[in-house]
Amino acid sequence: MTLERRTELGEFLRSRRARLSPDELGLPRDRGQRRVPGLRREELARLAGVSVDHYVRLEQGRSLHFSAAVLDAVARALRLDPLERDHLYRLARPHTDPGPARPERVRPGLLRLLASVPDVPAYIIGRDTDVLAWNDLAAALLTDFGALDPGQRNLARLIVLDEGMRTLYADWPAKLRDVTSYLRFGGARHLDDPKTRALVDELCTASPDFRAAWTAHDIKDKTHGGYAYRHPIVGELELGYETLRLPDDPDQALVVHTVEDGSPSQTALRLLAAWVIEPARPPAR
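Structure, rendered in structure tokens:
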């Protein structure tokens, strides 16, 4: 799988065209059958108020010097949400290649913030979904990050390739789509980084499920939400999560899980915490 910027731009725009129905947009019906789903290029250009040639040059990546007015018009015609619009801008506007990204370092203050939430699973995620730091409950819930080589502490890689992760999430396909969409969202900032390209190539080669999710070109930030888990020690539990992103480093974020007071999930989480304190004796259920 290539992460070349022009290719990414074209594939993204085609995927967004494909999800639009001509009928819902009030376009005339065709007498014949369409060869591809969604809107044709000329239909999209007409809706955006730009020439067909101008739109074709955008979708083919023949130039990365399109005006904000053109990009905004195309975004409106494609009915992009704010996150998708920002993604379009990242791909379509001129940029300076920063070269290979530097190794990430977590600020001491952020590590102290992580240490201040010992009662719920929490971790710090970085570029390409690398897990940079974690507390004991996060390791007990997800996986023992400390037992992994640093290069293997990657959430996307674990979700896709680790069998334990596949069984941990009650709806693993949904989790796969989420982590893939988040990897694509963050990866747009680092399309020229060999590490990002290598990770995507590895996962596309190893997993048809990931490859299908990646080629869907869906974009999702990690903000808040929740998942149901089937933990091998404490059984089923439902946890929410909130993401605290650093304003001066968009690649790093603190992810803190939450649990409803008085719920069975809170009881299960407390049992998991007891197991962390006394790992030799699994808690009674």
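The sequence shown: position 69 = 69 (the UniProt record's numbering), numbered continuously.
Cβ coordinates follow ideal geometry from the N, Cα and C atoms, glycine included.
Just so you know, these numbers come straight off a predicted model, no measurement behind them.
(Q) Pairs of beta-carbons, one from the stretch 38-50 and one from the stretch 140-155, closer than 8 Å: are there three or more? (A) no
Q) Would you call residue 4 buried or exposed, if buried means 16 or more other Cβ atoms sit within 10 Å of its Cβ? A) exposed
(Q) For the alpha helix (DSSP H) containing residue 55, name the first residue and the last one. (A) 52-59
Q) Of the choices 161, 132, 270, whose alpha-carbon is the least far from that of residue 255? A) 132
Q. How about the stretch 201-215 and the stretch 152-172: do they share at least three Cβ pairs that are nearer than 8 Å?
A. yes
Q) What distance in whole Å lies between the Cβ atoms of residue 122 and residue 257, which are believed to be in contact at a cut-off of 8 Å? A) 7 Å
Q) Excluding sequence positions up to five away, which residues of its chain have a Cβ less than 8 Å from the Cβ of residue 53? A) none
Q. Would you call the CB atoms of residue 55 and residue 71 closer than 8 Å?
A. no
Q. In terms of residue numbering, what span does the alpha helix (DSSP H) encompassing residue 267 cover?
A. 264-277
Q) Does the Cβ of residue 181 have 16 or more other Cβ atoms within 10 Å, making it buried, or fewer, making it exposed? A) buried
Q: Determine the contact status of residue 153 and residue 130, defining contact as a CB-CB distance below 8 Å.
A: yes
Q | Nearest neighbour of residue 117, chosen from 219, 138, 62, 59 [CA to CA] | A | 138
Q: Could you give the DSSP three-state label for residue 253: helix, strand or coil?
A: strand
Q: Decide if the stretch 222-232 is in contact with the stretch 75-93; the criterion is three or more beta carbon pairs, one per stretch, under 8 Å apart.
A: no
Q. Quick one: Cα of residue 272 to Cα of residue 179, how far?
A. 24 Å
Q | Of the residues 234, 263, 17, 38, the one placed nearest residue 59, counting alpha carbons only | A | 17
Q: Could you tell me whether the Cβ atoms of residue 229 and residue 183 are closer together than 8 Å?
A: no
Q: Report the option in 207, 265, 156, 166 whose CA atom is closest to the CA atom of residue 186.
A: 156
Q: Have a look at residue 170 and residue 268 and give me their C-alpha separation to the nearest angstrom.
A: 16 Å
Q.
Do residue 61 and residue 6 count as a contact pair if the criterion is CB distance below 8 Å?
A. yes
Q: Within the same chain, show all residues whose beta-carbon is closer than 7 Å to that of residue 11, passing over the 5 residues directly before and after it, in chain order.
A: 217
Q) Among residues of its own chain, excluding the 5 on either side of residue 74, which ones have a beta-carbon nearer than 6 Å to its beta-carbon? A) 48
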